[in-house]
Every structure is written in structure tokens, then in C-alpha cells.
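Asks:
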Amino acid sequence: MPDDEYARRLKTAARILASGIEDSSELKIIINDDLTDAAEEVHELAQNGTFSDEQQAKGIALAQQLLADTKAALAQLQ
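Going by my numbering, 614 is the number at position 63 of the sequence shown; the sequence numbering is gapless.
(1) Quick test of your reading: Gly571 and Leu578, contact by CB under 8 Å. State the CB separation rounded to the nearest angstrom.
(2) Would Glu595 pass as a contact of Thr601 if the rule is Cβ separation under 8 Å?
(3) Terminal residues of the continuous alpha helix (DSSP H) containing Gly571?
(4) Using only alpha-carbon positions, find the residue among Ile582, Asp574 and Ala597 that is nearest to Glu605.
(5) Quick one, which of Ala590, Gly610 and Ala565 has its alpha-carbon nearest Ser576's?
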């Protein structure tokens, strides 16, 4: 992938992550490296409205780390 395309995608990812973190009081953040686990969390939330403060805190922390990593990757391209 050309560097300009990679940078464009990283900028989009950074914008989406930052927006999600900013709006986290209104959103539920589910980030998981296992699709089955993520699907189960989404299903549980949709079916029962179950989503703990611990799950939200974990999602926010992961989003913040991903945002930092994304910004670092962008900085390396410049």
C-alpha cells in the first residue's frame, strides 16, 4: 500500500478513535481481538442491556492506546 494511502487510513482511524473516546459517555466501546468474544459482548448488550463499567473502562483504555499507537505510526510517516 502506498504511504499516502496508509497515512489517509491512519488519519481516519485516529479521527474515529478520538471521536469515540470523546463521546464515550454516550457510547459503549467494545474492542476485542477475538471476534467471537466481541460478538458475544455486543449480543449481550443488545439483548439485555448488560455492559459493566469495567467493560467500558477497558474499552476506553484500549481505544486510548490504539489512538496513541496510531498517532505514533503517523508521525513515523512524516
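We put the beta carbon where it would ideally sit given N, CA and C, even for glycine. Just so you know, these numbers come straight off a predicted model, no measurement behind them.
Replies: Working from what's here:
(1) Taking the first residue of the sequence shown as position 1, residue 571 is located at position 20. Taking the first residue of the sequence shown as position 1, residue 578 is located at position 27. So it is a contact: roughly 6 Å between Cβ atoms.
(2) Locating residue 595 in the sequence shown gives position 44, where the first residue counts as 1. Locating residue 601 in the sequence shown gives position 50, where the first residue counts as 1. Cβ atoms of Glu595 and Thr601: closer than 8 Å.
(3) Position 20 of the sequence shown, counted from the start, is the residue given in the question as residue 571. Taken as a continuous stretch (DSSP letters only), the alpha helix (DSSP H) holding Gly571 covers Asp554 to Glu573.
(4) Taking the sequence shown and counting its residues from 1, one reaches residue 605 at position 54. For the residues Ile582, Asp574 and Ala597, the minimum Cα distance to Glu605 belongs to Ile582.
(5) Mapped onto the sequence shown, residue 576 falls at position 25. When each option's Cα is compared against that of Ser576, the closest is Gly610.
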